[in-house]
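Residue numbers (UniProt numbering): 1 to 288. Note sheet for the following structure.
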Amino acid sequence: MDKHSVDRLIEERYQSLSPVLQRAARYVMDNPKDMALNSMRTIASSAGLQSSTMHRLARELGFDGYESFRSVYRTWLTEGSSSFSERATALQKRSGSDEAEKLIRELLHADDAHLTQLTTPDTLASIKNASDILGKARRIYVAGLRSLFPAAFYFNYACGMFMHNTRLLMGIAGTFSDDLREGGSEDALLVFTYNPYARDSVSAVEFARQQGMRIVSVTDSTLSPIAKQSHALVIVPNRTPSLFPSVVPAMSIAQILVAMLVARGGKKSLQEIKKSEAQLQRFAVYVE
Numbered sequence: 001m002d003k004h005s006v007d008r009l010i011e012e013r014y015q016s017l018s019p020v021l022q023r024a025a026r027y028v029m030d031n032p033k034d035m036a037l038n039s040m041r042t043i044a045s046s047a048g049l050q051s052s053t054m055h056r057l058a059r060e061l062g063f064d065g066y067e068s069f070r071s072v073y074r075t076w077l078t079e080g081s082s083s084f085s086e087r088a089t090a091l092q093k094r095s096g097s098d099e100a101e102k103l104i105r106e107l108l109h110a111d112d113a114h115l116t117q118l119t120t121p122d123t124l125a126s127i128k129n130a131s132d133i134l135g136k137a138r139r140i141y142v143a144g145l146r147s148l149f150p151a152a153f154y155f156n157y158a159c160g161m162f163m164h165n166t167r168l169l170m171g172i173a174g175t176f177s178d179d180l181r182e183g184g185s186e187d188a189l190l191v192f193t194y195n196p197y198a199r200d201s202v203s204a205v206e207f208a209r210q211q212g213m214r215i216v217s218v219t220d221s222t223l224s225p226i227a228k229q230s231h232a233l234v235i236v237p238n239r240t241p242s243l244f245p246s247v248v249p250a251m252s253i254a255q256i257l258v259a260m261l262v263a264r265g266g267k268k269s270l271q272e273i274k275k276s277e278a279q280l281q282r283f284a285v286y287v288e
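Structural data, given as structure tokens:
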């Protein structure tokens with residue numbers, strides 16, 4: 001169970017809790033970092049409660065005890081929702097030679113687990129839905145800012161080999177959203193965004209939706225600010241001990257969507273790919 005699941009569980013159970021457990025639950029919701037960093041005695045004291053109250057709340061929510069309850073918040077803090085400086089500090093504490101191999105394994109195992117999770121029936125259906133929307137679009141606008149720019153760039157670059165209706169929202173000289181003025185109901189916006197969500201990405205989705213465009217979102221949670229506005233929503237796991245959330249799942253989705261568009265492209269796509277290859281050879285782009 002992750003923090004988002006616990007938050008939802010507390011919200012669902014809140015009215016049925018006793019007044020003292022409601023106080024404890026409210027403190028937990030308002031102070032997740034304290035939950036991750038402090039003992040049960042310290043948390044209870046800060047909340048003005050007895051230690052046993054925190055244990056009772058954990059049991060009420062289905063945990064074996066306070067420590068298993070607290071571990072949810074520890075994972076949340078170290079793997080995804082802490083500040084960059086906090087994550088960097090945690091990494092530096094593992095700089096010793098005896099920690100290096102363990103950290104490498106954790107990073108690789110995390111991404112292996114991420115990719116495995118993308119094969120669930122719901123995610124596969126979401127990817128297919130995204131492919132259908134993009135395949136039918138007159139124009140495809142592509143957005144991905146900061147650490148997720150590589151996913152957006154790859155999609156736009158790869159599609160340029162066999163189709164000519166994608167536009168990457170670059171943001172050069174502050175023009176990030178300018179191309180969206182031309183968007184309409186026959187067009188789609190593909191956006192990649194993780195927590196912390198880039199303001200321009202969220203604004204682009206809101207504007208595109210107002211323009212009647214179809215929204216394909218690749219994001220990290222159903223609680224993402226773009227989730228409810230999406231016509232196709234692909235949720236990707238991204239928790240990792242690294243400095244940033246993992247970009248591997250988003251890159252994988254970008255590659256998959258390109259492959260699916262090629263697969264449905266027919267002879268026209270093949271002809272365009274041959275033309276692109278000829279042009280690359282003409283300019284000797286690659287070393288023989």
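Cβ atoms here follow ideal geometry from the backbone N, Cα and C, with glycine treated the same way. It should be emphasised that the depicted structure is a prediction, and the values quoted were computed from it without experimental measurement.
Measuring CA to CA, which of the options is closest to residue i?
i, options, result
"R167", "A151, S52 and A143", "A143"
"P249", "K275, D179 and N238", "N238"
"M163", "K267, S203, A25 and G65", "K267"
"residue 298", "S95, F149, S201 and Y27", "In the structure displayed, the chain extends from 1 to 288; residue 298 sits before or after that span and is not available."
"S131", "A278, A263, R56 and S269", "A263"
"F244", "N38, L91, L115 and Y66", "L91"
"G212", "Y14, E186, V236 and S45", "E186"
"Q271", "M161, S39, E99 and L124", "M161"
"A113", "E60, R8, E288 and V236", "V236"
"Q15", "N38, G183 and E60", "E60"
"G171", "S45, A188 and F153", "F153"
"S242", "E277, S95 and D122", "S95"
"T75", "P32, Q117 and A100", "P32"
"L17", "L148, K275 and M54", "M54"
Output needed for residue i: all residues of its chain with C-beta closer than 7 Å, excluding positions within five of it in sequence on either side, in chain order.
i, result
"V72", "M1, D2, K3 and V6"
"residue 291", "Nothing can be reported for residue 291: it is not among the residues displayed for the chain, which extend from 1 to 288."
"F155", "V142, L190, A254, L257 and V258"
Would you identify the three-state DSSP class for residue i, choosing helix, strand or coil?
i, result
"R214", "strand"
"G171", "coil"
"G266", "helix"
"F162", "coil"
"V287", "coil"
"A44", "helix"
"I226", "coil"
"G144", "strand"
"V205", "helix"
"F63", "coil"
"A198", "coil"
"L190", "strand"
"V236", "coil"
"T120", "coil"
Under 8 Å by Cβ, that's how I've got residue i and residue j pegged, so tell me the actual separation to the nearest angstrom.
i, j, result
"S51", "R41", "5 Å"
"L49", "R23", "6 Å"
"S217", "V234", "7 Å"
"F176", "A151", "The pair is not a contact, with the Cβ atoms about 16 Å apart (cut-off 8 Å)."
"L261", "L134", "6 Å"
"I43", "A25", "Wrong, their Cβ atoms sit about 12 Å apart, outside the cutoff."
"T240", "A110", "5 Å"
"A77", "Y141", "Before going on, a small fix: residue 77 reads as Leu here, not Ala. The pair is not a contact, with the Cβ atoms about 35 Å apart (cut-off 8 Å)."
"N165", "R146", "About 25 Å separates the two Cβ atoms, so there is no contact after all."
"A208", "G183", "6 Å"
Taking all protein chains shown into account, do 16 or more other C-beta atoms lie within 10 angstroms of the C-beta of residue i, making it buried, or fewer, making it exposed?
i, result
"D220", "buried"
"A137", "buried"
"F283", "exposed"
"S85", "exposed"
"S246", "buried"
"A105", "What sits at residue 105 in the sequence shown is Arg, not Ala. Under this definition R105 is an exposed residue."
"residue 289", "The question about residue 289 has no answer here: the residues shown for the chain are numbered 1 through 288."
"T119", "exposed"
"R214", "buried"
"S224", "buried"
"Y27", "buried"
"A58", "buried"
"R127", "For the record, residue 127 in the displayed sequence is Ile; it is not Arg. Flag for I127 reads buried."
"A88", "exposed"
"A47", "buried"
"A188", "buried"
Near residue i, which residues of its chain fall below 8 Å by C-beta distance, leaving aside the five closest residues on each side in sequence?
i, result
"I226", "V191, T193, Y197, S201, V202, V205, I215, S217 and T219"
"Y286", "L280"
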